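In my numbering, the protein residues as written are -2 to 585. Everything below concerns the one structure shown next.
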């Protein structure tokens, strides 16, 4: 702020003209004690005016930078001062100390050259700086001391902040969804971070919602804004809605999954994560896969849109409406490849209601019979049990790898702090180690939990395919859409309403012919083994020709039925005819 002032000793207009420059580094200093200018600026002003009086000069103007660092000369009031002295006959530029003007030698030289060119002399209240050789020497020494102080202070601040980040603290302002808080513990102030009770749950929901793939970034921003998500208010700035770029930046921030990023280095934070690493990574993958600035709004006017494709050229089918001469509207699916002439497709438009019925009927072709479900469930669970026995070695390998990577990360950070490794190399190596740790942790998690989850998901998937046609027919449209997306990568339908589906995982495996045959063969082998075992144990009955009684007693049915089912003769060829025999049990 610039002011016109007059020093106490104003005798005549022929007195030398002087200006004073005042500065404090922070807003807190400028407002300390509730005073309009704090304590430092009035003290500097008073000392500078006294100095002007001792020089017999009139203080015509003052220039005050409040809350501006001297690291850079690009300060608004300082630049006004330099412009002012070039147009006015100023004899003295008075500062309280040299470090009020500049804290690096390059800026100090530049400012002094500008003052000398304008014919003004720099005067320090507390330092004996003048145009004499000793004064110039002292000026250079004080300028160097100011630069050393500034750089050393910055280095100490960074060192303290790095140490805080290493211990899991937050060295800077926490992002939206968190609050920086202060508390008194054992007589000293402790600064920490807590989840914002208003913005925190909204940010957590935003991550979960975007990870589903059902939201565009713009739609999601509009939704969270309606829910009340705004920026954190400052001392002099109110909260306001977020911009798209700011919101995108927040979704990229690793802080929400518990990671502190400082000076390009990642540290495990002490704060409570708002989202899991898996959800955070899904969001990153979605953001990377789509250019958020060009992301288009997606609308699903029909539940089949996005699932059905042209049976002739494979292009998407889109909804269209046609009116007849009586004004009645008919909804159709039309091939977008033909509509936009991107292909040579000739497939005609198809009625939407006929398409819906064709898709529903197609579900009867993918469901499994009860006998097949029993066989597949037994086969897959048996394979899972075999895999369990092979996991001990894998677990040991991943445990060793995880310990090695964590040790390597600690050594790497220590080397960086010691100045042995540059930041770019640290970032590259840290990225490699982090990826390795994530892979090892995910493998261990899969080893520890994967089998139970796989078995549970297998049972659920088999329940779905048991009677998927009935379930699909009775489901509401949003659930039908989820059915189609879960079961199929795409559904091709031609103008004759013939449907061909490409199954998605895991249904491509569960409903595939290869698994069905393997499960059936395994069931036959198990049955043959059980029959042979019974006949061996009941050899006395076989000697008397009473084979049927042995098989029926073991719950395996008759020899005639088993021979037909297995497709081959049994190990024992001495069989008798059918005599009051039970059919094969459901277990068979």
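Note that CB positions come from ideal geometry on N, CA and C, so glycine has one too. Values in this document were obtained by computation on a predicted structure and should not be read as measured data.
Rounded to the nearest whole angstrom, the C-alpha separation of residue 412 and residue 431 is 17 Å. DSSP, reduced to helix, strand and coil, places residue 50 within a helical segment of the structure shown. The beta-carbon separation of residue 214 and residue 241, rounded to 7 Å, stays under the 8 Å limit for a contact. Taking residue 504 as the centre and dropping the five residues before and after it, the same chain places the C-beta of 484 closer than 6 Å to its C-beta, in chain order.
Excluding residues up to 5 positions away in sequence, 413 lie with their Cβ nearer than 6 Å to the Cβ of residue 423 in the same chain.
Counting along the chain, residue 207 sits inside the alpha helix (DSSP H) bounded by residues 196 to 208. In chain order, 344, 345 and 347 place their CB closer than 7 Å to the CB of residue 492, counting only its own chain and leaving out the 5 sequence neighbours on each side.
About 11 Å separates the beta carbon of residue 478 from that of residue 469, a gap too long to meet the 8 Å contact definition. A direct Cα-to-Cα measurement between residue 369 and residue 253 gives close to 46 Å. Shown here, residue 433 sits in a helix according to DSSP, grouped into three states.
Annotation: residue 93 is outside any beta strand (DSSP E) and is labelled neither H nor E by DSSP. Take residue 499, set aside five residues on each side of it, and the residues of its chain with a beta-carbon closer than 7 Å to its own are 485, 486 and 487, in chain order. For residue 177, the enclosing beta strand (DSSP E) starts and ends at 175 to 182. Contact annotation: residue 231 and residue 165 have beta-carbon atoms that are not nearer than 8 Å. The DSSP-derived three-state label of residue 121 is strand.
For residue 498, the uninterrupted beta strand (DSSP E) segment begins and ends at 496 to 500. Here the alpha carbons of residue 18 and residue 49 stand approximately 12 Å from one another. Here residue 208 is buried: its Cβ has 16 or more other Cβ atoms, across all protein chains shown, within 10 Å. Annotation: residue 189 is outside any alpha helix (DSSP H); the continuous beta strand (DSSP E) that includes it extends over 185 to 192. A direct Cα-to-Cα measurement between residue 277 and residue 332 gives close to 37 Å.
Note that the C-beta distance between residue 90 and residue 16 is below 8 Å. Rounded to whole angstroms, the gap between the alpha carbons of residue 494 and residue 255 is 52 Å. A distance of 8 Å or more separates the beta carbons of residue 356 and residue 328. Beta-carbon to beta-carbon, residue 437 and residue 402 are separated by about 7 Å, close enough to satisfy the 8 Å threshold. With fewer than 16 other CB atoms across the displayed protein chains lying within 10 angstroms of its CB, residue 311 is exposed.
Secondary structure at residue 232: coil, using DSSP grouped into helix, strand and coil. If you check the CB distance, residue 248 and residue 280 come in under 8 Å. Of all alpha-carbon atoms in 299, 202, 306 and 338, the one lying nearest the alpha-carbon of residue 272 is that of 202. For residue 61 and residue 75, the gap between their C-alpha atoms comes out near 8 Å. Residue 492 sits in coil when the DSSP states are folded into three classes, being neither helix nor strand.
Cα atoms of residue 367 and residue 467: separation of roughly 15 Å, rounded to the nearest angstrom. For residue 362, there is no enclosing alpha helix (DSSP H), since its DSSP letter is neither H nor E. Around the beta carbon of residue 465, a 10 Å sphere encloses 16 or more other beta carbons of the protein chains shown; the residue is thus reported as buried.
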